[in-house]
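Everything below concerns the one structure shown next.
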Amino acid sequence: MTTRYTFGGDEHIFVECSEEMSLEAFFKGMSITTALRNANIKGVTEICPANASFQVRFNPDIIAPDEMMRQLKALEAVAQSAPSTLNTRIIEVPVYYNDPWTHETGQRFRERHQDPTSTDIEYTARINDLDGIDGFIKAHSGAPWFVSMVGFVAGLPFLYQMVDRDRQIQSPKYLRPRTDTPRLTVGHGGCFACIYSVRGAGGYQMFGITPMPIYDPNQTTSYLRDFMCLFKPGDIVKWKPIGREEYDHTVAEVDAGRWQPRIAPVTFSLEEFSKDIDGTNARVMEALNGH
Amino acid sequence: MAINVLKPGLSTTVQDLGRPGYYHIGIPTSGGMDTLSLAAANLLVGNDAGAAVLEAVFMGPELEFTQDAMVAVTGADLPPKVDGQEQPCWTAFKVKKGQVLSFGFLKKGARGYIAVSGGIDVPVVLGSRSTYTLGALGGFEGRKLAAGDVLPVGQAAMVAEGRAVAEALRRAPGAPAELRMLPGLYWHRITEQAGKTFFEDTWKVAPEADRIGYRFKAGRPLDFVPRTPPFGAGSDPSNIVDACYPYGSVQVPSGTEPIVLHRDAVSGGGYMMIGTVVSADMDLIGQLQPHTPTKFVKVTMEEALTARADRAKTLKAIATALA
Chain F
78 MTTRYTFGGD EHIFVECSEE MSLEAFFKGM SITTALRNAN IKGVTEICPA
128 NASFQVRFNP DIIAPDEMMR QLKALEAVAQ SAPSTLNTRI IEVPVYYNDP
178 WTHETGQRFR ERHQDPTSTD IEYTARINDL DGIDGFIKAH SGAPWFVSMV
228 GFVAGLPFLY QMVDRDRQIQ SPKYLRPRTD TPRLTVGHGG CFACIYSVRG
278 AGGYQMFGIT PMPIYDPNQT TSYLRDFMCL FKPGDIVKWK PIGREEYDHT
328 VAEVDAGRWQ PRIAPVTFSL EEFSKDIDGT NARVMEALNG H
Chain U
4 MAINVLKPGL STTVQDLGRP GYYHIGIPTS GGMDTLSLAA ANLLVGNDAG
54 AAVLEAVFMG PELEFTQDAM VAVTGADLPP KVDGQEQPCW TAFKVKKGQV
104 LSFGFLKKGA RGYIAVSGGI DVPVVLGSRS TYTLGALGGF EGRKLAAGDV
154 LPVGQAAMVA EGRAVAEALR RAPGAPAELR MLPGLYWHRI TEQAGKTFFE
204 DTWKVAPEAD RIGYRFKAGR PLDFVPRTPP FGAGSDPSNI VDACYPYGSV
254 QVPSGTEPIV LHRDAVSGGG YMMIGTVVSA DMDLIGQLQP HTPTKFVKVT
304 MEEALTARAD RAKTLKAIAT ALA
């Protein structure tokens, strides 16, 4: 895994930790960006972690590009000696899988899909050798996911499944992007899941919908009053399968300002995870039960 | 003081110098596409350079003033009229209580900046009054203007009428438009030959050109260096593991039509970028109409920084002349 540094014009440095996605590449990006934030370098205006890369925006009137590059490269060494441990939080996200709204949208854009005769969830279950929709839901919600990037549009999380590579769900993007995706659709493209924070265009497969808003520019949602976006890179997500009844109930509770997501603090160690994936995941998910 | 929107124009939004600091959660910079013109309009009417103005695309709005105000229109050649009487662009003029500001047909450029003394006084959201329509954030109710909207305007002392920005300080794209670009990011993904034709060809602004990004067509497609797709990237040769997109970066999905991301950029995605338009030339993109012939010009970091200094000098000269 060689780190590649490149300038994005006169205001950005783009750093690719690895060409391919891995939890190690994500962690490398997280540790360097954390070190950079702590270094408080004058002239740095934005630090944006992504899946296997990150980006730094700086003001070249305050810090010269070559000097910025030199300082950033020096931080890589500092970050490498830091332990790959992350103090973060786990957030439970209820999902109504195979819901009527994403199903209807999928049907409207069926000619743009690899398999026009089936649904996104059936198709993805089949190409991943999973036992139908139930088998898919079990695989999708059985292990936690890392928020490896927030972006594309405001507050949209990209999530990376915390299992070894041969167990990861993979699915191609639509052949041609849709012009519509319901708000709060749980989607999937390549090896990444996402939650569409707003309604709009999209190319990811659609598996379900969450009743839980994750972006609220008006900040009226009870748990988004402090900040309008719920997710930040490094958060861990546990999907909780729910049915229509619980979906409707949660929507009503959210609207009434009474609903709170289940969130618990958790520590994650990459070393521990590498040694025992299922054991680590069980411990991480158990935090939601208050133990 | 308030302004009544009688007709909104095509896509008129409230913008200032932008909302930096939130790109890591997908909230783009926003702000005027041509901030040099935006700042000039503000300085003409006695505002701070970064006060909120209206950005009108291709077609101006029709606005009724409820108080006297000083107004200036810069950027595109979008001739302003007060009660039907044409006024010069890049010049401060007075609009009296009850008068209507309207616009003639666009003659040149793409975006007009309408500054009003006191500034458009919508609430500050995350440090800016700029509109980010995709996220329904900031500006006037997070959207473009509609007929019937009432825009709040801040208090201001009146400056003199007739102050103008000298012709030589009004920056506009040439013919063809030239956008200086620093190669980098995933430049190594395209072949040497593709790297040559990209700069040789004259591209044309495609109809899909908005605040998110400008698409260009009519150049030769770019060939890729063969590879085995990295895990998580996707099968198209232009795919990468989803990453951040720098403001001004030039992505080329499938190697066909380059897209330069602008103020309301999607903050990341899975297409490789071959470089970044230098900060000094982002203003010019905001003034490109569809079909405008455009060339990308290869520059070094040193040249990019010289261009940046030149732009700062222009702004300083405008500010000094109007101080």
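Going down the list, the sequences are from chains F and U. The numbering of the first sequence is my numbering, which starts it at 78 and goes up by one. The numbering of the second sequence is my numbering, which starts it at 4 and goes up by one. Backbone N, C-alpha and C fix where the C-beta goes; we use that ideal spot for every residue, glycine too. All values reported here derive from a predicted model rather than from experimental measurement.
Contact set between residue i and chain U, taken where Cβ atoms lie within less than 8 Å
i         : result
Thr122(F) : Pro23 and Gly24
Phe91(F)  : Gly187, Leu188, Ala246, Cys247 and Pro249
Val275(F) : Leu137, Gly138 and Ala139
Glu97(F)  : Pro233, Phe234, Gly235, Ala236 and Val244
Ser130(F) : Val244, Ala246 and Cys247
Arg134(F) : Pro23, Tyr26, Pro249 and Tyr250
Pro126(F) : His27
Phe269(F) : Gly235 and Asp245
Terminal residues of the beta strand (DSSP E) in which residue i lies
i         : result
Phe91(F)  : His89 to Glu93
Val17(U)  : Thr16 to Gln18
Pro318(F) : Ile313 to Pro318
Gln337(F) : Careful: Gln337(F) lies outside any beta strand (DSSP E) and carries neither H nor E.
Asp245(U) : Asn242 to Cys247
Asp80(U)  : Ala72 to Asp80
Trp222(F) : Trp222 to Val227
Met276(U) : Met276 to Val280
Enclosing alpha helix (DSSP H) for residue i [first to last residue]
i         : result
Asp332(F) : Arg321 to Asp332
Arg218(U) : Taken as a continuous stretch (DSSP letters only), Arg218(U) belongs to no alpha helix (DSSP H), being part of the beta strand (DSSP E) at Gly216 to Lys220.
Asp355(F) : Ile354 to Glu363
Tyr200(F) : Asp197 to Ile204
Leu261(F) : It is not in any alpha helix (DSSP H) - Leu261(F) carries neither H nor E in the DSSP assignment.
Lys207(U) : Run containing Lys207(U): none in the alpha helix (DSSP H); it sits in the beta strand (DSSP E), Trp206 to Ala212.
Leu185(U) : Note, Leu185(U): premise wrong, no alpha helix (DSSP H); beta strand (DSSP E) at Ala180 to Pro186.
Residue i: contacting residues in chain F (beta-carbon distance under 7 Å)
i         : result
Arg311(U) : Asp87 and Pro137
Met304(U) : Phe84, Asp87 and Pro142
Leu308(U) : Asp87 and Pro137
9 Å Cβ cut-off: residues of chain F touching residue i
i       : result
Met4(U) : Simply none; closest approach about 26 Å.
Within chain F, the residues that residue i reaches when beta carbons sit closer than 8 Å
i         : result
Ile28(U)  : Val227, Gly228, Ala231, Gly232, Cys306, Phe308 and Lys309
Gly145(U) : Pro294
Proximal chain U residues relative to residue i, where beta-carbon distance stays under 9 Å
i         : result
Pro171(F) : The premise fails here: Pro171(F) is roughly 22 Å from chain U at the closest Cβ pair, so nothing lies under 9 Å.
Phe223(F) : Residues of chain U passing the Cβ test: none, with the nearest at roughly 13 Å.
Phe235(F) : Asp245 and Gly271
Residue i versus residue j: straight-line alpha-carbon distance, rounded
i         : j         : result
Ala202(F) : Ser195(F) : 11 Å
Pro31(U)  : Gly24(U)  : 9 Å
Thr15(U)  : Leu66(U)  : 12 Å
Thr373(F) : Val103(U) : The structure shown has nothing for residue 373(F), since chain F only spans 78 to 368.
Tyr273(F) : Ala163(U) : 50 Å
Asn205(F) : Tyr251(F) : 16 Å
Met107(F) : Ile117(U) : 43 Å
Ile167(F) : Tyr189(U) : 34 Å
Gly115(U) : Glu58(U)  : 6 Å
Ala139(U) : Cys125(F) : 22 Å
Ala102(F) : Tyr174(F) : 30 Å
Gln70(U)  : Ala5(U)   : 7 Å
Ile215(U) : Asp353(F) : 44 Å
Asp138(F) : Glu363(F) : 49 Å
Met36(U)  : Ser252(U) : 15 Å
Asn366(F) : Cys306(F) : 24 Å
Selection from the options that minimises the alpha carbon distance to residue i
i         : options                                       : result
Pro91(U)  : Gln102(U), Gly34(U), Asp37(U) and Gly165(U)   : Gly165(U)
Lys315(F) : Ala270(F), His180(F), Pro142(F) and Tyr200(F) : Ala270(F)
Lys3(U)   : Ala322(U), Trp206(U) and Pro256(U)            : Residue 3(U) is absent from the model: chain U starts at 4 and stops at 326.
Glu96(F)  : Thr80(F), Thr179(F) and Thr111(F)             : Thr80(F)
Ser120(U) : Ala72(U), Leu325(U), Arg314(U) and Val60(U)   : Ala72(U)
Val224(F) : Tyr237(F), Val230(F) and Ser218(F)            : Tyr237(F)
Leu325(U) : Ala169(U), Leu39(U), Gly198(U) and His27(U)   : Ala169(U)
Phe61(U)  : Leu13(U), Val85(U), Lys84(U) and Ala54(U)     : Leu13(U)
Phe68(U)  : Phe96(U), Ala55(U), Lys100(U) and Ala75(U)    : Lys100(U)
Ile340(F) : Met145(F), Met289(F) and Asp353(F)            : Met289(F)
Val172(F) : Phe350(F), Ala329(F) and Thr262(F)            : Thr262(F)
Tyr274(U) : Arg311(U), Tyr248(U) and Tyr26(U)             : Tyr248(U)
Chain C within 8 Å of residue i, Cβ atoms only
i         : result
Arg242(F) : Structure shown: chain C not included; protein chains present are F and U.
Cross-chain neighbours of residue i in chain U, by beta carbon under 7 Å
i         : result
Gly279(F) : Chain U residues near Gly279(F): none, gap ~11 Å exceeds 7 Å.
*asked:* Give me the subset of the stretch 268-292 of chain U whose CB atoms are less than 7 Å from a CB atom of chain F, sorted by chain position.
replied: Val269, Ser270, Gly271, Gly272, Thr279, Val280, Val281 and Ser282
*Selection of the stretch 246-264 of chain F by Cβ proximity to chain U, strictly under 8 Å*: Cβ contacts with chain U come from Pro249 and Lys250.
*When Cβ atoms are compared, which residues of the stretch 250-267 of chain U fall closer than 8 Å to chain F?*
Tyr250, Gly251 and Ser252
_To be precise: take each residue of the stretch 147-164 of chain F, compare its Cβ to all Cβ atoms of chain U, and keep it if any distance is under 7 Å. Which residues remain?_
Going along the stretch 147-164 of chain F in chain order, one finds no residue with a Cβ nearer than 7 Å to chain U.
*Between the stretch 336-350 of chain F and chain U, which residues of the former have CB atoms less than 8 Å from a CB of the latter, in chain order?*
none
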